[in-house]
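Residue 72 in full-length UniProt numbering is what sits at position 72 of the sequence shown, and the numbering runs on without skipping anything.
Written below as structure tokens is the structure these notes are about.
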Amino acid sequence: MNWKTYIKHYQSYLRIERGLSKNTIENYSFDIERLCLFLEANQIEVSPIKISDETVQQFIYSVSKEVNPRSQARIISGLKSFFNYLVFEDYRTDTPLELIEAPKTGRKLPDTLSVEEIDNLIGAIDLSSNEGERNRAMLETLYGCGLRVSELVTLKISDLFFDEGFIKITGKGNKERFVPIGKYTQKYIAIYQKEVRIHLKIKKGHEDTLFLNRRGNQLTRAMIFTIIKDLAVRINLNKNISPHTLRHSFATHLLENGADLRSIQLMLGHESITTTEIYVHLDRSYLKEVMHSFHPRR
Numbered sequence: 001m002n003w004k005t006y007i008k009h010y011q012s013y014l015r016i017e018r019g020l021s022k023n024t025i026e027n028y029s030f031d032i033e034r035l036c037l038f039l040e041a042n043q044i045e046v047s048p049i050k051i052s053d054e055t056v057q058q059f060i061y062s063v064s065k066e067v068n069p070r071s072q073a074r075i076i077s078g079l080k081s082f083f084n085y086l087v088f089e090d091y092r093t094d095t096p097l098e099l100i101e102a103p104k105t106g107r108k109l110p111d112t113l114s115v116e117e118i119d120n121l122i123g124a125i126d127l128s129s130n131e132g133e134r135n136r137a138m139l140e141t142l143y144g145c146g147l148r149v150s151e152l153v154t155l156k157i158s159d160l161f162f163d164e165g166f167i168k169i170t171g172k173g174n175k176e177r178f179v180p181i182g183k184y185t186q187k188y189i190a191i192y193q194k195e196v197r198i199h200l201k202i203k204k205g206h207e208d209t210l211f212l213n214r215r216g217n218q219l220t221r222a223m224i225f226t227i228i229k230d231l232a233v234r235i236n237l238n239k240n241i242s243p244h245t246l247r248h249s250f251a252t253h254l255l256e257n258g259a260d261l262r263s264i265q266l267m268l269g270h271e272s273i274t275t276t277e278i279y280v281h282l283d284r285s286y287l288k289e290v291m292h293s294f295h296p297r298r
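Okay, structure coming up:
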């Protein structure tokens, strides 16, 4: 088998056995394809089951000159996953990344927006257009429920349980969770549904998709990025923001107002509490306030 065949089998494994999303699988595959390009450029003809430690180390060294340590660590992680799969399937007896360690990257704290900045961002939306009502509903949902952008664009009407005050989210690995949704966010979704979505000519297969483009198709992740970037420019916001910034802000504002980490973890859909703990590092003044308010030895 050649590289393409092994990669195809690996993708099937990620999709079927590990239940990873299409975007995650594409990211894993990109790391392997980058290795393939390196081999081709250096005229190294070797299969995945024969490639040596030295060749992989040469590739990692070349990558280190082109990308930052965080990206380098991600590439190494992606390759380790692929070669571990080959070992698991008995194509190899060992992995060529056994002795390769990812560079230390430190913990990058996520960017956040203040409540005022979020209000300004949403306030800059042009509500004179149908897309404006949709965009306001989307941003309110991103911030009000702490969703990932992939969760937003795949949100279904049948996942809305407004009477109960929840929405059902299908997150990473097709894991489902119920997230509380406030009346404020519900109001703008309802306005969009009644005043905009009802007039769209919806394409077959998207009848249950909540947020649609003007042609009646599901929105792309890239479109959500563009909408938010354009709004940031409109209000002269000097921060590099993305849809994930609203998710980070959701979690940070909950923590600042007294929510516990376990509750935030469940709402965000983090598999491990350690992922959620990054928000503890965002506001040390808040942590000092908590200690001085509640600790018996304050």
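Just so you know, even glycine gets a beta-carbon here, dropped at the ideal spot from N, CA and C.
Can you tell me which of 231, 218, 165 and 70 puts its alpha carbon nearest to the alpha carbon of residue 150? 218
Indicate the three-state DSSP secondary structure (helix, strand or coil) for residue 266 in the structure shown. helix
Beta-carbon of residue 171 versus every beta-carbon of chain D: anything under 8 Å? Reference to chain D is not applicable here, since this structure consists of a single protein chain.
Quick check on this structure: which residue in 60, 70 and 82 has the alpha carbon closest to the alpha carbon of residue 13? 82
Beta-bridge partners of residue 176, as assigned by DSSP: 170
Under DSSP, the alpha helix (DSSP H) around residue 306 begins and ends at which residues? Lying before the first or after the last residue shown, residue 306 is absent from the chain, which here runs from 1 to 298.
Please classify residue 179: is it buried, with 16 or more other beta-carbons within 10 angstroms of its beta-carbon, or exposed? buried
Residue span of the alpha helix (DSSP H) that contains residue 56, given as start and end: 53 to 64
For the stretch 191 to 211 against the stretch 151 to 169, do three or more pairs of beta-carbon atoms, one drawn from each stretch, fall closer than 8 Å, so that the two count as touching? yes
State the CB to CB distance for the pair residue 60 and residue 92, rounded to an integer number of angstroms; the pair is presumed to be in contact (CB under 8 Å). Contact doesn't hold; Cβ gap of about 18 Å is too wide.
Let's test the definition: count the other Cβ atoms within 10 Å of the Cβ of residue 114 and tell me whether it reaches 16, buried, or not, exposed. exposed
Span of the alpha helix (DSSP H) around residue 243: 243 to 256
Going by DSSP, what residue range makes up the alpha helix (DSSP H) through residue 259? Note, residue 259: premise wrong, no alpha helix (DSSP H); not H, not E.
Buried versus exposed call for residue 88 [16 or more other C-beta atoms within 10 Å across all chains shown]: exposed
Go through its chain and collect everything with a Cβ distance to residue 95's Cβ below 8 Å, but skip five positions before and after it. 80, 83, 84, 86 and 87
How many Å lie between residue 264 and residue 250 at the Cα? 9 Å
Where residue 278 and residue 269 are concerned, what is the direct C-alpha to C-alpha distance, given to the nearest angstrom? 14 Å
Name the two residues that bound the continuous alpha helix (DSSP H) containing residue 26. 22 to 41
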